[in-house]
Structures are given as structure tokens and as C-alpha cells.
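S.K.:
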Amino acid sequence: MLTIDQATYDAIVAHAKRDHPDEACGIVAGPEGSDRPERFVEMINAAGSPTFYEFDSTDLLQLYKEMDANDEEPVVVYHSHTATEAYPSRTDIGLASEPNAHYVLVSTREHGNNDGPVEFRSYRIVDGEVTEEEVNVVASLD
Numbered sequence: 053m054l055t056i057d058q059a060t061y062d063a064i065v066a067h068a069k070r071d072h073p074d075e076a077c078g079i080v081a082g083p084e085g086s087d088r089p090e091r092f093v094e095m096i097n098a099a100g101s102p103t104f105y106e107f108d109s110t111d112l113l114q115l116y117k118e119m120d121a122n123d124e125e126p127v128v129v130y131h132s133h134t135a136t137e138a139y140p141s142r143t144d145i146g147l148a149s150e151p152n153a154h155y156v157l158v159s160t161r162e163h164g165n166n167d168g169p170v171e172f173r174s175y176r177i178v179d180g181e182v183t184e185e186e187v188n189v190v191a192s193l194d
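Heads up, the sequence shown is in the working numbering, so the first residue is 53 and it goes up one at a time.
1. Just curious, the alpha helix (DSSP H) that M119 is in, first and last residue?
2. Could you tell me which residues DSSP puts in a beta bridge with N97?
3. So the beta strand (DSSP E) V128 belongs to, where does it begin and stop?
4. Please confirm if the stretch 168-176 is in contact with the stretch 78-87, defined as three or more CB-CB distances below 8 Å between the two stretches.
5. State the Cα-Cα distance for the pair Y221 and E181, rounded to the nearest angstrom.
6. Does at least one heavy atom of the ligand MN sit under 7 Å from the Cβ of P89?
7. Count the other C-beta atoms from every protein chain shown that fall within 10 angstroms of the C-beta of L157, then say buried if there are 16 or more, exposed otherwise.
8. Buried or exposed for E137, going by 16 or more other Cβ atoms inside 10 Å?
9. Taking the beta strand (DSSP E) that A81 falls in, what are its first and last residues?
10. Can you give me the Cβ contacts of E184 inside the same chain, cut-off strictly under 6 Å, excluding the 5 residues immediately before and after it?
11. What's the call for D167, buried or exposed, on a 16-neighbour Cβ count within 10 Å?
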């Protein structure tokens with residue numbers, strides 16, 4: 053189960069809506085081995101595409117250096133789908149390289165960047181196998 057605080061949930065949804073019709077992407081880092089998504093890091097979709105996302109390689113390298121220095125790891129890897137449901141595509145599954153991460157997908161297909169609910173789902177993806185998990189949104193992680 054992914055336990056995430058309301059502020060981080062809201063930040064992920066806001067990013068997905070703001071970047072619509074392009075896919076949004078980012079990482080929420082946390083202390084190594086803690087499974088606590090604490091540091092929200094909005095990334096730029098270098099692909100600038102409504103059907104594909106790609107982390108900027110320079111930004112990603114810098115983020116991994118920061119996480120390494122802070123004894124952090126990617127707890128959540130998120131991106132949005134703008135025209136399809138919040139379920140990992142074959143490409144998403146192939147790109148999933150963090151076996152301990154929660155892969156969050158937000159679908160903005162219904163309301164785009166307008167007010168209205170989004171589909172927010174989380175998965176574990178290990179060795180190409182996708183397992184959906186419950187999302188527990190809490191006021192704070194404390």
C-alpha cells in the first residue's frame with residue numbers, strides 16, 4: 053500500500069493538470085528503506101508529448117546525486133496519462149527500473165486541466181509484472 057500525505061497528493065495532481073495535454077512526470081524521494089514519500093520533485097517531460105514521458109537526463113542525474121548524498125531513494129515515480137486510463141503502458145512497464153518504488157499514474161483524460169476529479173492509481177512494477185496497490189491519503193506522514 054502507498055501511504056502519501058495530502059499535500060504531496062495535491063502537488064502531483066496539480067502538476068498533471070497544469071501540464072495537460074502533455075504528460076507530466078516527477079519523483080517523490082524519501083529516506084532509503086523507509087517507504088516514506090517526503091520530498092516532492094517535479095521534473096520536466098523532456099519528450100514534451102501527450103503520449104510519452106521522458107525525464108531530462110541531466111536533471112535526473114542531478115536528482116540521483118542529491119538523493120545519494122541525502123541517503124534517499126525514489127519512493128514514488130509518477131507520471132500522467134492524458135487520454136487513457138491510469139494504468140501502465142507497455143512502455144511504462146519497460147521503463148520501470150526501481151523495484152522498490154511505487155509507480156503512480158494520474159489520468160487527466162476526463163477533465164484535462166479543468167476542475168474535476170482525476171484517476172489516481174499506484175502500482176508496483178517488478179520484472180515486468182504489474183501489481184496495483186491501495187492508495188492511502190493521510191493528512192501528514194507524522
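The C-beta atom is built at its ideal place from N, Cα and C for all residues, glycine as well.
M.R.: According to the structure data:
1. 109-121
2. F107
3. 124-133
4. no
5. The question about residue 221 has no answer here: the residues shown for the chain are numbered 53 through 194.
6. No copy of the ligand MN appears in this structure; indeed no ligand is present at all.
7. buried
8. exposed
9. 77-83
10. Y175
11. exposed
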